[in-house]
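First up is the structure itself, then whatever we jot down about it.
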Amino acid sequence: MFCFSFKYIHGLAARGVHYLHRPGPTLQDVGFYLLPELGQDKAYISETVFTFIFISFVLWTFHPFIFKSKKIYTVLVWCRVLAFLVACQILRIITFYSTQLPGPNYHCREGSKLARLPPPNNALEVLLINFPRGVLYGCGDLIFSSHMIFSLVFVRTYHKYGSRRFVKQLAWLTVVIQSMLIVASRKHYTVDVVVAWYTVNLMVFFLDKKLPELPDRSGAAALLLPLSKDSSKSKEENHKLLNGNSGDPADWRPRIQVNGKIMEDGTTVHVEAVMNGV
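Position one of the sequence shown corresponds to residue 72 (our numbering), numbered consecutively onward.
Shown next as structure tokens:
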């Protein structure tokens, strides 16, 4: 809940920096020289690619509920993803409030009515952030790209927990294409994308080492077993169940563990008998 609540805080910060934005001449940018401008009529291509990455990742994280595959734990994966997103967006807020650049997007240029916001009449006007129009047509929150934060976090997470090599390679290629489309659509400067590439990767690498993986639940297994009114008897039965023994004293005797290969005719070969506990 804290992570989802922070998304509103990030939107509020982006709304606030829009009041400080001052349109001006577009800065010189290497990416603008190398990549042709898509134009306003094709600006949706960048958003389409980002939406594809977002939806694909969400569907993948919830696939254990459909395919009954336990290769990942959905809740634990999303806890890590949200932690990565919050940490990166905290850095992003600090960065774009430090220096406001004139936005290169079409609605942020000189002459556009959306480039500057009039002073708010009251606090409620700021707190409502004019969603979703205020998010889609924001200006000033440039360094570094929020779209790249989400894309890189999602791809890095799948690269770690995913199982298909081809999908991993395709995901990284898609992020590279997404980076170029963001610059070509003039939504960000090249520096916004470049800073996102190394900042997000370093932040995820650092936090991934600090956050714990799936904890060992063997010690807590006894708490998941049903308890009866006789607590002493229940503890004894739970101990037996956890150690593979039933309540019958006959089951406490040493057992013979047989490891071998059963042939089609029913005979067993390469048999190794090991006393239990030796």
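Here a beta-carbon is modelled for each residue, glycine too, at the ideal position from N, C-alpha and C. Just so we're clear, the structure is a prediction, and the values are computed from it rather than from any experiment.
- A Cβ-Cβ separation of about 7 Å places Y229 in contact with F128 under the 8 Å criterion.
- Secondary structure remark: continuous alpha helix (DSSP H) runs of at least 4 residues inside the stretch 114–138, in chain order: 115–132, 135–138.
- Between P173 and L130, the alpha-carbon positions lie close to 37 Å from each other.
- The C-alpha of R257 lies about 6 Å from the C-alpha of P175.
- Taken through DSSP and simplified to helix, strand or coil, T270 comes out as helix.
- The stretch 269–281 makes contact with the stretch 151–167; the number of CB pairs closer than 8 Å reaches 3 or more.
- Three or more Cβ pairs closer than 8 Å define a contact, and the stretch 95–108 falls short of that threshold against the stretch 224–239.
- DSSP places C150 in the uninterrupted alpha helix (DSSP H) bounded by 145–169.
- Per DSSP, reduced to three states, the secondary structure at F215 is coil, with no helix or strand assignment.
- Around the beta carbon of A154, 16 or more other beta carbons lie within 10 angstroms, which makes this residue buried.
- In the assembly as shown, R236 is an exposed residue. Its beta-carbon has fewer than 16 other beta-carbons within 10 Å.
- In the DSSP assignment, T245 falls within the alpha helix (DSSP H) that extends over 236–255.
- Using a Cβ distance threshold of 8 Å, S117 and L223 do not count as a contacting pair.
- Here I220 is actually not in contact with V262; their C-beta atoms are around 15 Å apart, not less than 8 Å.
- Within the same chain, V197, L198, I200 come within 8 Å of L83 by CB-CB distance, once the 5 residues on both sides are set aside.
- Sequence-distant partners of D100 (beyond 5 residues in either direction) whose C-beta falls short of 6 Å from its own C-beta, in its chain, are Y260, T261.
- Around Y232, the same chain offers K142, I143, V148 as residues with beta carbons nearer than 8 Å, after the five sequence neighbours per side are excluded.
- Across the set Q171, N193, T245, F125, the C-alpha of Q171 shows the shortest separation from the C-alpha of T97.
- From the listed residues R93, V120, F103, L91, the smallest Cα separation to V247 is found for V120.
- Restricting attention to L195, G182, R93, the CA atom closest to the CA of G211 is found in R93.
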